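Heads up, the sequence shown is in the numbering used here, so the first residue is 2 and it goes up one at a time.
Have a look at the structure below before the remarks.
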Amino acid sequence: MPHLDSAYRFARWLTRSADDADDVAQEAILRAYRGFDALRGSDVKAWLLTIVRNCHSTALKQQQRRAQVPLPEEHDTQDGHAFIASTPDPESASIRRDEEQTLERLIAGLPDDYREVLILREIEDMRYREIAAVTNLPMGTVMSRLARARSVLKEHWLLQANGEPHAVL
């Protein structure tokens, strides 16, 4: 239960949909509950996030088999408050909100491989070894993807800040 929020956040970033994230997180928690006796080691968070990733992968494959493409959701105001810091100055709050929306949009535009390791490292604060375990990748690949993700994100952020036209991956 202490990692439930992390599981949902990771599912939210993977699915890009609050409803799909609910389904993936619920399935992952059920699988984790059923398989808890088989847990080896002490890194429960990495184990749970691996299950979330696998549930997302399974759900994605099922969607592809059914040839259904979900429509993108409009701006999600229900969960927007979780990313907005409370500030005494309305102008600062508005600027921060715009920056957060831009960052969220830019992260969402990253390729799946880059976005996945970036979220696990920067938002879930996982170590490279844990990310390698969750993604089933060599640690060098994790580090390489993370460096590329940061570079692409920085490049697009600077283009956005300068007001230049850009295309998000």
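For every residue, glycine included, the Cβ atom is placed at its ideal position computed from N, Cα and C.
It should be emphasised that the depicted structure is a prediction, and the values quoted were computed from it without experimental measurement.
In this model, P91 and L160 are separated by some 26 Å (Cα to Cα). By the Cβ neighbour-count rule, E100 is exposed, with fewer than 16 other Cβ atoms within 10 Å of its own. Fewer than three pairs of CB atoms, one per stretch, sit closer than 8 Å, so the stretch 115-125 makes no contact with the stretch 19-33. When DSSP states are grouped into helix, strand and coil, P112 belongs to the coil group.
Leaving aside the five residues that flank A134 on each side, the residues in its chain whose CB is nearer than 7 Å to its CB run, in chain order, A47, T51. For the pair A39 and H57, the Cα-to-Cα distance works out to about 21 Å. Cβ-Cβ distances below 7 Å link Y115 to R146, R149, A150, V153 in the same chain, with the five nearest sequence neighbours on each side left out; the list follows chain order. Annotated as proximal: A29 and A8, with beta-carbon spacing under 8 Å.
DSSP, read as helix, strand or coil, puts S18 in coil.
DSSP, read as helix, strand or coil, puts M144 in helix. When rounded, the separation of the alpha-carbon atoms in R66 and E117 is 23 Å. A straight line joining the alpha-carbon of A109 with that of R13 spans about 11 Å.
For P112, the closest alpha carbon among the candidates E125, D23, L15, R10 is that of L15.
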